[in-house]
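Below is one structure, written out as structure tokens; the observations come after it.
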Amino acid sequence: MNGVQWIKITTDIFDDEKIQLIESMPEGDTLIVIWFKILVLAGKQNNSGILSLGNKVYYTEEMLSTVFRRKATSVKLALSMFEEFGMIEIIDGAITIPKWEKHQNIDGLEKIRKQTR
């Protein structure tokens, strides 16, 4: 489904322990920006939190570095940290966001789906 132009972010996101730990790191601000870019990319693709190009090609660290306009070393660090904290999973090369529905308003999506029929 196309046309979804939003993701759900809670106002207490910066109170989350994982986010606080990431922020305290030397590249914390960059890592937080990469996290939001991952969420936005997943929201644009609307593929249940799986990051891929056309459902066949999965994003690599290098591809994300280019798309996000960030250093490859920063993206590699971010993915490693996010995976360690359970914010992403990498399954058979596919970067996925577990519990994607937490970031996407399922009821709102269903409403949009009905409106576009």
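Position 12 of the sequence shown, counting from 1, maps to 12 under full-length UniProt numbering, and the rest follow consecutively.
Even glycine gets a Cβ: it sits at the ideal position worked out from N, Cα and C.
Close CB contacts of Phe-68 within its chain, under the 7 angstroms cut and outside five residues either way in sequence, are with Ile-34, Lys-37 and Val-75 (chain order).
Nearest C-alpha to Glu-23 among Met-81, Ile-97 and Pro-98: Met-81. Note on the UniProt domain "Phage replisome organiser N-terminal" (6 to 117): whole alpha helix (DSSP H) runs with a minimum of 4 residues are 17 to 23, 28 to 45, 61 to 68, 72 to 84 and 106 to 115, in chain order. With fewer than 16 other Cβ atoms inside 10 Å of its own Cβ, Ser-48 counts as exposed.
A buried status is given to Ala-78, since no fewer than 16 other beta-carbon atoms sit within 10 Å of its beta-carbon.
Relative to Asp-12, the option among Trp-6, Gln-20 and Gln-104 whose CA is nearest is Gln-20. Rounded to the nearest angstrom, the gap between the Cα atoms of Leu-31 and Met-87 is 12 angstroms.
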